[in-house]
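Q: Per our numbering: the sequence shown = residues 2 to 247.
We put the CB at the ideal spot given by N, CA and C, even for glycine.
My structure is below; once you've seen it, I'll send some questions.
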Amino acid sequence: MLKPKVFIVIVLLLIACEAQKRAINKTIVYETETLKITQVTENSFVHTSYLETQDWGNVPCNGAIFTNNQQAIVFDTPIDDKTSVELIEWLKQQEFEIKAIIPTHFHEDCLGGLNAFHESGLTSFAYQKTIDFAIVENNELPKMSFQDAITLYLGEEKVVVKFFGEGHTQDNVVGYFPKEKVLFGGCLIKAIGASKGNLADANEKEWSKTVKSIKNAYPKVEVVIPGHGNFGNTELLDYTIQLFQD
2 MLKPKVFIVI VLLLIACEAQ KRAINKTIVY ETETLKITQV TENSFVHTSY
52 LETQDWGNVP CNGAIFTNNQ QAIVFDTPID DKTSVELIEW LKQQEFEIKA
102 IIPTHFHEDC LGGLNAFHES GLTSFAYQKT IDFAIVENNE LPKMSFQDAI
152 TLYLGEEKVV VKFFGEGHTQ DNVVGYFPKE KVLFGGCLIK AIGASKGNLA
202 DANEKEWSKT VKSIKNAYPK VEVVIPGHGN FGNTELLDYT IQLFQD
């Protein structure tokens, strides 16, 4: 029979091991002045490019890459075509087949480099409202549309893209990778400590409600990636909900 002290030590070690398994990876696997790629889990990455703005300065903009079976789905383009080519080339070097590029809303930090993906012969998907707004803004248009939600596959693993409601914009969707328990929230989700940011196209009254719906829909999520700033866990969902309740 184990002595109490020995038993406690074993339990603490098991807890520590489990916590370590759940720890969020933050390994930078590629970095230049224009693009950074950070591995988050075994099969998911964050790509970060930098948008020069008049009001906010040089803003780091996040997108996501979900991978499986040497296939990849990219959420949001880097900020321009040149940086998007850089990302595409990196994915090719890793021998990933790019199955789709998905802008999560119509702003420049989501589809500013979409033409580069199209020039490479890649397929783009977007919520129909995103395409409608892109037409008004005279932006490059995604090729394929969906209503409310679409499920894509990387081998046998699914990736769910869904519109839960308005917030940062009227068209903001999120991407969820159940295998990795990773949520890409885009600009709908705020990093811890972030301000409300650009509200030009926002619906502040619905924002918290929308994020609550996401949290309820994906109770197993462990990693949350915002459109700007540091990724983390579900605390980002709670922070965003609270930010727009006040």
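Can you name the start and end residues of the beta strand (DSSP E) that Phe118 belongs to?
A: Taken as a continuous stretch (DSSP letters only), Phe118 belongs to no beta strand (DSSP E), being part of the alpha helix (DSSP H) at Leu115 to Glu120.
Q: Quick one: what does DSSP say Thr131 is sitting in, helix, strand or coil?
A: helix
Q: Here's a check: name, in chain order, each residue in its chain whose Cβ is nearer than 7 Å to the Cβ of Glu207, leaving out the five neighbours to either side.
A: Apart from the 5 residues on each side of it in sequence, Glu207 sits with its Cβ closer than 7 Å to the Cβ of Gly166, Glu167 and Gly168 in its chain, given in chain order.
Q: Leaving out five residues before and five after Val212 in sequence, what residues of the same chain have Cβ atoms less than 6 Å from its Cβ?
A: Within the same chain, Val212 has close Cβ partners Leu238, Thr241 and Ile242.
Q: For Ile136, which residues does DSSP report across the bridge?
A: The partner list for Ile136 (beta bridge, DSSP) is empty, contrary to what the question assumes.
Q: State whether the region 96-105 contacts the region 41-52, with contact taken as three or more CB pairs (one from each stretch) at a distance under 8 Å.
A: With the rule of 3 Cβ pairs closer than 8 Å, the region 96-105 does not count as touching the region 41-52.
Q: What are the boundary residues of the beta strand (DSSP E) that includes Glu53?
A: Ser45 to Thr54
Q: With Ser85 as the anchor, note down where its alpha helix (DSSP H) starts and where it stops.
A: Asp82 to Gln94
Q: Which residues in the same chain have their Cβ closer than 8 Å to the Cβ of Thr124, if we skip the five residues on either side of it in sequence?
A: Lys100, Ala101, Ile102, Lys144 and Met145
Q: Report the residue ranges of all alpha helix (DSSP H) runs contained in full by the region 194-236; include only those spanning at least 4 residues, in chain order.
A: Residue ranges of uninterrupted alpha helix (DSSP H) with 4 or more members, entirely inside the region 194-236 and ordered along the chain, are 205-218.
Q: What would DSSP say about Gln246, mapped onto helix, strand or coil?
A: coil
Q: As a quick exercise: from Val137, Asn173 and Glu205, pick the residue whose alpha carbon is nearest that of Asp247.
A: Glu205
Q: Rank Ala192, Ala203 and Asp202 by C-alpha distance to the C-alpha of Glu236 and give the top, closest one.
A: Closest option to Glu236, Cα to Cα, is Ala192.
Q: Of the choices Ile132, Leu155, Val137 and Asn140, whose alpha-carbon is the least far from that of Asp149?
A: Ile132
Q: Would you mind working out which of Ser214, Ile215 and Phe178 sits nearest Leu69, comparing C-alpha positions?
A: The sequence shown places Asn at residue 69, not Leu. With distances taken between Cα atoms, Asn69 lies closest to Phe178.
Q: In whole angstroms, what separates the C-alpha of Asn234 from that of Glu223?
A: Computed Cα separation, rounded: 5 Å.
Q: Take the Cβ of Tyr219 as the centre, count every other Cβ of all protein chains shown within 10 Å, and call the residue buried at 16 or more, exposed below.
A: Counting Cβ neighbours within 10 Å, Tyr219 comes out buried, since at least 16 surround it.
Q: To the nearest angstrom, report how far apart Val261 and Lys221 are at their CA atoms.
A: Here the chain covers residues 2 to 247 and nothing more, so residue 261 does not appear.
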